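Undergrad: Residue numbers (the numbering used here), protein chains in the order written: chain A, 1 to 304; chain B, 1001 to 1304.
Quick reminder that beta carbons are idealized off the backbone N, C-alpha and C, glycines included.
All figures in this text were calculated on a predicted structure; none of them were measured in a lab.
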């Protein structure tokens, strides 16, 4: 069992800054991680919104090394490590565990479709055995709209029985509250993070541990505020406001929208770069997004 | 423009033999490649049926090196090289081009969904530029049922205009004849390989170049026979027979079915191993598959 504090609270799937040649700008990434931490937001580095699946395994290893060397506490990191090839997932997960990361967020292998729970069980099981590090703490990553391969309740049951100290929680990005609710109710000791702050209040009410959300990249404090005050008298109001704000960002391609916003509010066009196959927002969409954010009175205090 | 003979005919997405620890059994793979070549079947090594997306980049490089060192003609090879991360695709494609492979079969980046043609264009374009080898010959891999990201006619048009000597053809595994027909008619100089031998006769009639099919792994000669005799008087009969046979293998999980068959006919249980998340057929399904193949009078002459 790991001696590292167990993850909870608000995590951002950290947006990835690129240089003009599309290499990762690690200095800018580290500055950005530091800003997120000042907002009491922790770091789900290498998530979907980090364009992690557009990064090579060796790039991810090098970036994590640099982030830790820069003095960022590994306990605040939950790197994404799930790849199509099991050996890649093992390599990334072992590296994260060796660094003492709070946890890893692990996609199922996502190329082959219509795989069954037995195949997914063998995949996760083999990864745990091959990493063989008791500090490894795995959060299953359920994101069927993108991975197209999901994590069923039956799979959670088998995995948590076999590896209760290692497979300890999940991020649910299904957008389907009935699934989150079913998992929260069936596995009270399994640490649920909702994949959208829209479900944060409901998740906390059923014993969840927090939220790993794209929007935390630009507005972490507001999400963390609800996390800290979910039992307060104005929690429903805070939740409703978070939903309204999220709608502005998800009305068009979310990762491009976040990069457009962060680029605008840091006055740094370099933030507006994405790796193919993702593309930046076109000019008209950018303008209407920024107008909507301005009208909302949005700010990123202390950033850029 | 490449000096290597242009691919045509029957290709097998070569099944991958594993050791007990799930490492690749390269000797067995090379023996198997040699048998396929005796059947006049060429080698789409690292295809979907090769479980290529369960292999690491470095494994693929090492395997290709060993296959070529064993004396297999690189012109007969069409390795799959498309990964989620562009730099991985560049690395694999440059390596294949340096070996003088006949072509490469390139999946689009497949993690992010609902990407647009501009993003896919940038992805392929950047790969061509970064590889920078005039021997590189790319076959686009359209397999929407699995990749969930497809290749549109508009994308083919842009890519073939920009890179007429490099982006030279495609494999269409959509299972949708209307798409194959539309591509064949719109781009007569673009080399179409159907992804299932069920469409081979129709593909050849419209100027296609052949077939890259899972079933070629166990029954290459029959497919090649239709390829060579598509203008013969019994072509429709040959086509109809290929469709009947295919149905036996695709009634259940195809990769597991092929491995079950090859394991049975080579009397080698080691062939029946798959990497997670794929799993072997259960006993009852295996028995009924083998019974169906026996009833059909199926053989693998000279194999095992």
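1. Less than 8 Å between the CB atoms is what I'm expecting for residue 1013 of chain B and residue 1167 of chain B, so what's the real figure, rounded?
2. Ignoring anything shorter than 4 residues, give me the alpha helix (DSSP H) runs that lie fully in the stretch 40-79 of chain A, in order along the chain.
3. Using a C-beta cutoff of 8 Å, does residue 272 of chain A count as contacting chain B?
4. Does any residue of chain B bring its CB to less than 8 Å from the CB of residue 20 of chain A?
5. Which same chain residues end up closer than 6 Å to residue 107 of chain A when comparing Cβ atoms and leaving out the 5 residues on each side of it in sequence?
6. Using the Cα positions of residue 79 of chain A and residue 300 of chain A, report the straight-line distance between them to the nearest angstrom.
7. Between residue 1245 of chain B and the rest of its own chain, which residues show a CB-CB distance below 8 Å, the 5 nearest in sequence each way excluded?
8. Please list, in chain order, the chain A residues whose beta carbon lies closer than 7 Å to that of residue 1126 of chain B.
9. From A:224, A:54, A:235, pick the residue whose C-alpha is nearest to that of residue 23 of chain A; which is it?
10. Between residue 1066 of chain B and the rest of its own chain, which residues show a CB-CB distance below 6 Å, the 5 nearest in sequence each way excluded?
11. Do the CB positions of residue 97 of chain A and residue 135 of chain A come within less than 8 Å of each other?
12. Taking a cut of 9 Å between CB atoms, which residues from the stretch 1132-1156 of chain B lie near chain A?
13. Can you list, in chain order, the residues of its chain whose CB lies under 8 Å from that of residue 1131 of chain B, leaving out five sequence neighbours each side?
14. Check each residue of the stretch 29-63 of chain A: if its Cβ is closer than 7 Å to any Cβ of chain B, include it; give the result in chain order.
15. Roughly how far, in whole angstroms, is the beta-carbon of residue 193 of chain A from the beta-carbon of residue 210 of chain A, given that I think they are within contact range, below 8 Å?
16. For the stretch 93-121 of chain A, enumerate the residues whose C-beta is nearer than 9 Å to any C-beta of chain B, in chain order.
17. Hey, residue 1057 of chain B and residue 1110 of chain B: beta-carbon distance below 8 Å or not?
18. Just list the alpha helix (DSSP H) runs in the stretch 106-164 of chain A, keeping only unbroken ones of 4 residues or longer that don't cross its boundaries, in chain order.
19. Using a Cβ-Cβ distance under 8 Å, would residue 86 of chain A count as near chain B?
20. Report all residues from its chain with a CB closer than 8 Å to the CB of residue 1217 of chain B; omit the five preceding and five following residues, and keep chain order.
21. Exposed or buried, what is residue 247 of chain A when buried is set at 16 or more other beta-carbons lying within 10 Å of its beta-carbon?
22. Apply the 10 Å Cβ neighbour rule to residue 154 of chain A and answer buried if 16 or more other Cβ atoms are within range, or exposed otherwise.
23. Please list the segments of the beta strand (DSSP E) lying wholly inside the stretch 1174-1262 of chain B, counting only runs of 3 or more residues, in order along the chain.
24. For the beta strand (DSSP E) containing residue 172 of chain A, name the first residue and the last one.
25. Taking any Cβ of chain A, which residues in the stretch 1277-1293 of chain B have a Cβ under 9 Å from it, in chain order?
26. Given that residue 174 of chain A touches chain B, what residues does it touch there, using C-beta distances under 7 Å?
27. Measure from the alpha carbon of residue 1180 of chain B to the alpha carbon of each residue in B:1029, B:1010, B:1143, B:1162, then state which is nearest.
TA: Inspection of the coordinates gives the following:
1. In fact, because the Cβ distance is near 20 Å, the residues do not count as touching under 8 Å.
2. 57-69
3. no
4. no
5. 82, 141, 147
6. 24 Å
7. 1215, 1219, 1222, 1296, 1298
8. 276
9. A:54
10. 1026
11. yes
12. 1145, 1146, 1147, 1148, 1149
13. 1090, 1093, 1094, 1097
14. 53, 54, 55, 56
15. 5 Å
16. 107, 108, 109, 110, 111, 112, 113, 114, 115, 116, 118, 119, 120, 121
17. no
18. 117-131, 144-147, 153-162
19. yes
20. 1012, 1013, 1014, 1015, 1036, 1049, 1258, 1262
21. exposed
22. exposed
23. 1191-1194, 1210-1212
24. 167-172
25. 1277, 1278, 1279
26. Those do not exist, as residue 174 of chain A stays about 14 Å from chain B at its closest Cβ, beyond 7 Å.
27. B:1143
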